[in-house]
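As structure tokens, the structure follows; a few thoughts come after it.
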Amino acid sequence: MKRKWALLPAALAAALVLSACGGGSDDEAGGEGKEAKLTMAIASAVIGPKEEVAVYAVAKELGYFAEEKLTVETINADGSVAALQAVASGSGDITPADAGSALGAVEKNVPIKAIGGLVQNWPWVMAVKPNSPITGGADLRGKKIGVISLASGSAPYARAYVKAAGLDPAKDVELLPVGVGAQAAAALNDGKVDMLALYTQAYAVIENAGTELKYLTNPDVFSGIRSLTFSVGARDFDAKKDSYERFLRAAYKAMLFSAKNPEAAMKIGYKVFPQILAGKSADERLKADTESLTAWLKTATPASGDPEQFGDWGAISDDEWAKTQAYTKEAGQITGEVDLKKLWDPSLLSGANDFDKAAVLSKAANYTA
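Residues -20 to -1, 1 to 349 (mature numbering (1 follows the signal peptide of the UniProt record, and there is no 0)) make up the sequence shown, in order.
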């Protein structure tokens, strides 16, 4: 299924589930150091223990956005493609969206810029039921693979996994949208799909609900690939640079806090997004949701070391971009090499990392909700 990048207002409106008002206009963006309004597009239709908690909820509740003179609201988009459409059209300002989708957008002349990394360890993996005879790519011919949606990063990952096994994803397998959580678990348990192609945090939710899974080993081709990356609209990028730098600084402070104290971050998440509780009490959900958030944080922070050693938030090396491009081409999201100068602008990262990390860590260590 080919992605359509035409920014038709009606189609875009249908893709977005508004949880706040839309993106700020140019005069709302503010000048250097002035008050500004921004809208973050969450690249998922479902709110859960992931980036919306570790980045947005913590920064909002702890005053990190306020310290930067930012008022930040959120909208939900059904996958990275829709989220990138939102920031390109001005319905949103910034989104943590799939790097491969961002590359695909730029190849199709969608006006976006990537300004900072988020998820730095490959989060996607294949899972089957414990008694499944499927042990790897060689067993996939004729199988049905459950993906979140055909517009999410899960679909190109599934295609690339199939291609790495020497099969044709267009002919040898069938991709079926199954969502996440209970819906995805039911599709696997009921035999509607033979396997799932989800990210680690989504599996943590499924396992915490009682479904046992067996994970397949990813081929080496997935090593070093970047996933969620902060992207913004390119048309008004210069006018909003200062606001974006301040957003990134607040976001990375929130990430550091969350990495140090994920349970506190999850409690904050309940305050900002009470819908996560789904009618249950915080006491009932806290343990499982904290485990889910921790699983997500492991993909978004360095693979080794403690929060005290974390640094260079948002950096993406040339080698990582090269591997990400190679994967994205293999997955069918791009047809050739994309000129990174059209997409990647790391000029805000020095300022985004200019904060008192010791103060954030101390606050996290001593925080009580």
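Cβ coordinates follow ideal geometry from the N, Cα and C atoms, glycine included.
In this text the structure is predicted, and so the values were computed from the model without any measurement.
For the pair Leu208 and Leu328, the CB atoms are not nearer than the 8 angstroms cut-off.
Judged by DSSP in its simplified three-state form, Glu192 adopts coil rather than helix or strand.
Rounded to whole angstroms, the gap between the alpha carbons of Val26 and Gln100 is 22 angstroms. If you compare the alpha carbons of Asn169, Pro110 and Ala140 with that of Tyr307, the shortest gap goes to Ala140. Taking C-beta atoms under 8 angstroms as the contact rule, Asp73 and Ser60 fail to qualify, at a distance of about 16 angstroms. Within the same chain, and ignoring the five residues on either side of Asp58 in sequence, the residues whose Cβ sits closer than 7 angstroms to its Cβ are Ala(-6), Ala25, Ser129 and Ala131.
Excluding residues up to 5 positions away in sequence, Lys30, Ser272, Ala275 and Trp276 lie with their Cβ nearer than 6 angstroms to the Cβ of Gln181 in the same chain. Under the three-state reduction of DSSP output, Asp319 falls in the coil class, being neither helix nor strand. Under DSSP, the beta-bridge partners assigned to Phe210 are Pro76 and Gly96. Closest option to Tyr232, judged by alpha-carbon separation, among Gly13, Lys14 and Glu32: Glu32. Under the 8 angstroms Cβ criterion, the segment 288 to 296 does not count as touching the segment 115 to 126, having fewer than three qualifying pairs. Residue environment: Pro149 is assigned as buried (16 or more neighbouring CB atoms within 10 Å of its CB, all protein chains considered). Per DSSP, Ile55 lies in no alpha helix (DSSP H); the unbroken beta strand (DSSP E) holding it starts and ends at Leu50 to Ala57. With fewer than three CB-CB distances shorter than 8 angstroms, the segment 155 to 167 does not count as touching the segment 319 to 336. In the displayed model, Glu154 falls within a strand according to three-state DSSP. In the DSSP annotation of this structure, the continuous segment of the alpha helix (DSSP H) that includes Thr274 starts and ends at Ala262 to Ala280. With a threshold of 16 other beta carbon atoms within 10 Å, Gly171 falls short and is exposed. Looking at the DSSP output, Thr19 shares a beta bridge with Glu53. Setting aside the 5 residues that flank it on each side, Lys194 is surrounded in the same chain by Val108 and Pro110, each with a C-beta closer than 6 angstroms to its C-beta; the list follows chain order. As the crow flies, the alpha-carbon of Ser71 is around 9 angstroms from that of Ala21. Measuring C-alpha to C-alpha distances from Glu48 to each of Ala94, Gly13 and Pro113 identifies Gly13 as the nearest.
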